[in-house]
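Trainee: The structure under discussion is supplied below as structure tokens; questions concerning it will follow.
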Amino acid sequence: MATTMPSSGTHKRPTFSCIRCAERKVKCDRQKPCSACIKHSVDCIFNPVQPPKKKKKRVKVNVLTDRLRQYEALLQEQGIDVGRLPDWTNNGSQPMTHTVPDQQQQHVSQLRTPSSLESGPSPYAIQTPNVQGQTSFKFVENTLWNRVVEESLDPENDLEDSSDISEEEAISDNSGFALLRHTHTGGRPRHPSIDRIHQLWETFVSNVDPLTKVVHVPSLRPMIEKAADSSGVIPRALEALMFAIYGSAVMSLSRNECEQRFTEPRERLLSQYISATETALSRAKVMETTSIGVLQALVIHLITTRDIYTPRANWTLTGAAVRIAQGMGLERDGKYLGLSPFETEIRRRIWYQLKTHDSRATELCGLSKYRDPDVGPHRAEWPLNVNDDQLYPSMTELPLQSDRLTDAVFIVTRCEMGKFAAARIAALRQEGKDLSQMNLDHSGKDKKDRESKIQELQEAIETKHLRYCDPSQPLDLVTMLVARYGLNVARFLMYHPRSWGSIEQTPLEERQKIWEVCLKLLEQQVMLQTNPFTQRFAWNTPWYRQWHAFIHVLDVLRADPEVFDVERAWRLIGETYDNNPDMIEDMRKPVHAAVGHLCLKAYGDREALLRSRDVVISSVPSFIARLRHQRDCARLRRQKRDANSSHVATSTDTVKSNTRQLGGSIPVDDSDLLLDSTPNPIQTPSGHPHTVFDGTNPSTFSNDFDGSGFDIMEMDGLDTFLAADYIVDDMALDPIDWSKLDDWLAHVT
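Residue numbers are given in my numbering: position 333 of the sequence shown equals residue 328, and the series is strictly consecutive.
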């Protein structure tokens, strides 16, 4: 009989069926006992009620949500529109009120390019804090790294910033500044005094920044002042930037100005700050960096050392800087990466300064400077014509482009030239032509088209910028001169004789045009270096010297010593040498030696013509005298070494092996015609183009630079190069083979 279990008001009705009803899969009325068990006279048993399980709190999700709100608040403080980022939560609660100390914060955000704009995997930019209130970026654009980015977004997985590791770790894990001569030893470079830091900073702001705009002076100034006045640890990115600024400030001064301001030789200070910059960049791990501050330091360092390192070394290092910038996504415009307007504009300025530098460094290596431009829909846009005080980190939108003069007038005018070149390259690509034909196809319709395009460029620059320039203002004047210099460069390239094969094949009208254009280029270069109003910007001029135009003038003077305006031409050549003593003193650059040879040949032809007419030459120009003296000294040193080599010969067989008979009677020693086979490397000059090297005393080189990073030219080879007339004898009165010259430059730099 069924066991009866009377109901009690204290018992709650069971939630589930009894065991028997559950097994029979019939409905249970869940009474105790249930009606089914009573009917069948069986025990009615219910499973004991388990205590309710506590609901697990989704701690991880809540923590991540809170962190996300905090990071969105931080992004908003930096002027980044979080509305453009993926919306992971609709919770409208306020961000966390507590914050983490700045030095411990490493907020990262995932910034995606809208999928509608990309055909391939969506690019990412990993964003981390940086000095100047800016950010570091590592640009990612493949499927594998998209997954890596997702993992790296979790702050718990973040590793410390490698640029701020301890001194001990820096010593044990030292990657060094691989592309520079300096070997990083882990020590921190020593800053100058507070007063000198302020002097160097103001010099940089006055002389260098207006022509580069790599940094944002208003936001960087308080950081420099704080770092100068603080005895604490300076972030490594900021420290590298500070030393780069020191070096560029000294570079922009003449020897006399440096002595007057700092009471120290320019060469010594420049050597000191360049070495310190390399150390600071090594400590900041420049080759692995994703820091905008470190990249800014590297770009300024490239500008400082571009006349110090050999052309190929500078070009190689510039290529590394371009790769670093590409790794941070600078070739993409910031607005497609979700960056703040301020960050976007600064990145544009850095990118186009770097690309301009790379183009010129490429050309100085004898390589084609015309490369495929960035023409994609998301490429970095050109910098805006706005004042620095219109830009600030918390801005939510970029200011409108000004139609008047701003403190960015120089860089935006230079960008107009870049737009012109990019349009020309795009046109060639549409026509299916190779970029090597950039300046060689000048016949008929193409030439007229080029002339009209250059005229349009001139009108655009005049209308947008130059008509507002005040020649009494240094920056305005240098902008006017450089703009017109650039237009003449375009005309020179259009009428260049290489498009005709030789001067003789060039029509007379075009010969006259290119001769006048070349003389204008030399005049404008002299004016940029000697005008008292532009003196503080004179440092920028030698880098953009048009060697092809200078060589063309010498070529014409050799072929026709009585060419029209010959006196004007020689005066400009002399002034160019006077304003650029490194063209004689710095023989590390083969173009200096080659131009010197051409100059001596042209002047020798001039002297021969004057003597044939019984004209008395009262004096020789100083630069000609120095060039001749340099080569005479090199010839004497070579003869002395040859004599010593013969004197120490231990066997007459060695001498006989180098002796042959001419006409069966006169013995000639072939060793006079051969280069020494034993290398005799020398220490290169101190690295600055104004270091005196007249060919008479190699020991006069400064000891500040060890020279280990330069391309060492053997003394024997250098003397032979300077002393040997046969290098240009074969060219005598023949026009220069420009293609061979380019090949030669490409192999010797």
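The beta-carbon is built from N, C-alpha and C at its ideal position, and this holds for glycine as well. Predicted model, so just to flag it, every value in this text is computed and none were measured.
Rounded C-beta distance between V212 and D224? I'm assuming under 8 Å.
Mentor: Actually they are not in contact, since the Cβ atoms of V212 and D224 sit about 18 Å apart, beyond 8 Å.
Trainee: Using beta-carbon positions only, say whether L552 and A544 come within less than 8 Å of one another.
Mentor: Taking 8 Å as the cut-off, the Cβ atoms of L552 and A544 do not count as close.
Trainee: Looking at the secondary structure, which residues open and close the alpha helix (DSSP H) in which V228 lies?
Mentor: Taken as a continuous stretch (DSSP letters only), V228 belongs to no alpha helix (DSSP H), as it is neither H nor E.
Trainee: Just curious, the alpha helix (DSSP H) that N251 is in, first and last residue?
Mentor: 250 to 257
Trainee: For S389, which option in W377, S335, K350 has the closest C-alpha, if you only look at C-alpha atoms?
Mentor: S335
Trainee: Using the Cβ count rule (16 or more neighbours within 10 Å means buried), how would you classify T305?
Mentor: It is buried - the Cβ of T305 has at least 16 other Cβ atoms within 10 Å.
Trainee: Could you name the residues that DSSP lists as bridge partners for R374?
Mentor: R327
Trainee: CB-CB under 7 Å to D383, same chain, minus the five flanking residues each way: which ones, in chain order?
Mentor: H211, V212, P213, D402
Trainee: Excluding sequence positions up to five away, which residues of its chain have a Cβ less than 6 Å from the Cβ of D706?
Mentor: Low per-residue confidence applies at D706: pLDDT is 36, beneath 50, and the placement is therefore not dependable, though the value from the model is reported in the following sentence. Around D706: T305.
Trainee: To the nearest angstrom, how far is the alpha carbon of C16 from that of K27?
Mentor: 12 Å
Trainee: Cα-Cα, which of P616, R462, Y490 is closest to R479?
Mentor: Out of P616, R462, Y490, the CA that lies nearest to the CA of R479 is found in R462.
Trainee: Reducing DSSP to helix, strand and coil, say where F696 ends up.
Mentor: Residue placement at F696 is flagged as unreliable, the pLDDT there being 28, under the threshold of 50; the coordinate-derived value follows with that caveat. Looking at F696 - three-state DSSP - the assignment turns out to be coil, as it is neither helix nor strand.
Trainee: Just confirm the distance between the C-beta atoms of Q541 and F618, as a whole number of angstroms; I'd bet it's less than 8 Å.
Mentor: About 19 Å; that fails the 8 Å criterion.
Trainee: Quick one: give me the first and last residue of the alpha helix (DSSP H) that C23 is part of.
Mentor: That residue, C23, is in no alpha helix (DSSP H); it is neither H nor E in DSSP.
Trainee: Return yes when the Cβ of G288 is within less than 8 Å of the Cβ of L233, no when it is not.
Mentor: yes
Trainee: Quick test of the definition: if touching needs 3 or more C-beta pairs under 8 Å, does the region 263 to 280 touch the region 317 to 325?
Mentor: no
Trainee: Out of curiosity, what's the CA-to-CA distance linking W538 and N575?
Mentor: 11 Å
Trainee: Flag this pair as touching only if the region 234 to 249 and the region 192 to 209 have three or more C-beta atom pairs under 8 Å; answer yes or no.
Mentor: yes
Trainee: So what's S614 in DSSP terms, helix, strand or just coil?
Mentor: coil
Trainee: Which stretch, first to last residue, makes up the alpha helix (DSSP H) that contains Y572?
Mentor: That run of the alpha helix (DSSP H) goes 561 to 574.
Trainee: Ignore the nearest five residues each way along the sequence and tell me which others in G314's own chain have a CB closer than 8 Å to its CB.
Mentor: D353
Trainee: Whole angstroms are fine: how far does the CA of T300 sit from the CA of A620?
Mentor: 29 Å
Trainee: Once DSSP output is grouped into helix, strand and coil, what is the label at P43?
Mentor: Here P43 sits in coil by DSSP.
Trainee: Looking at the unbroken alpha helix (DSSP H) that takes in A316, where does it start and where does it end?
Mentor: 306 to 322 is the extent of the alpha helix (DSSP H) around A316.
Trainee: Residues in the same chain with beta-carbon distance under 7 Å from I160, minus the five sequence neighbours each way, listed in chain order, please.
Mentor: For I160, the predicted structure reports a pLDDT of 44, less than 50, and the residue's modelled location is therefore unreliable. A value from the coordinates is still provided. Around I160: no qualifying Cβ.
Trainee: Can you look up A403 in the DSSP assignment and give me helix, strand or coil?
Mentor: A403 falls in the coil class under three-state DSSP.
Trainee: Rank E457, Q530, M489 by C-alpha distance to the C-alpha of R419 and give the top, closest one.
Mentor: M489
Trainee: Would you grab the beta carbon distance between Q291 and I345 for me? Rounded to a whole angstrom, and I think it's under 8 Å.
Mentor: 6 Å
Trainee: Just the Cα atoms here: how many angstroms apart are S12 and S36?
Mentor: In a straight line, the C-alpha of S12 is about 17 Å away from that of S36.
Trainee: What do you reckon, are the CB atoms on A279 and R231 nearer than 8 Å?
Mentor: yes
Trainee: Can you give me the Cβ contacts of H193 inside the same chain, cut-off strictly under 7 Å, excluding the 5 residues immediately before and after it?
Mentor: Excluding positions up to five away in sequence, the list reads A223.
Trainee: Just verifying my parser: in three-state terms, what is the DSSP assignment at D711?
Mentor: Low confidence applies to D711: its pLDDT is 48, below 50, so where it sits in the model is not reliable enough to give any reading.
Trainee: Could you give the DSSP three-state label for D550: helix, strand or coil?
Mentor: helix
Trainee: Rounded to whole angstroms, how far is the Cβ of L516 from the Cβ of V561, which I believe are closer than 8 Å?
Mentor: No, L516 and V561 are not in contact; Cβ-Cβ is about 17 Å, not under 8 Å.
Trainee: Give the range of the alpha helix (DSSP H) segment to which Y268 is assigned.
Mentor: 261 to 278
Trainee: Comparing C-alpha positions only, which one of K330, P616, L195 sits nearest to Y598?
Mentor: The shortest Cα separation from Y598 among K330, P616, L195 belongs to P616.
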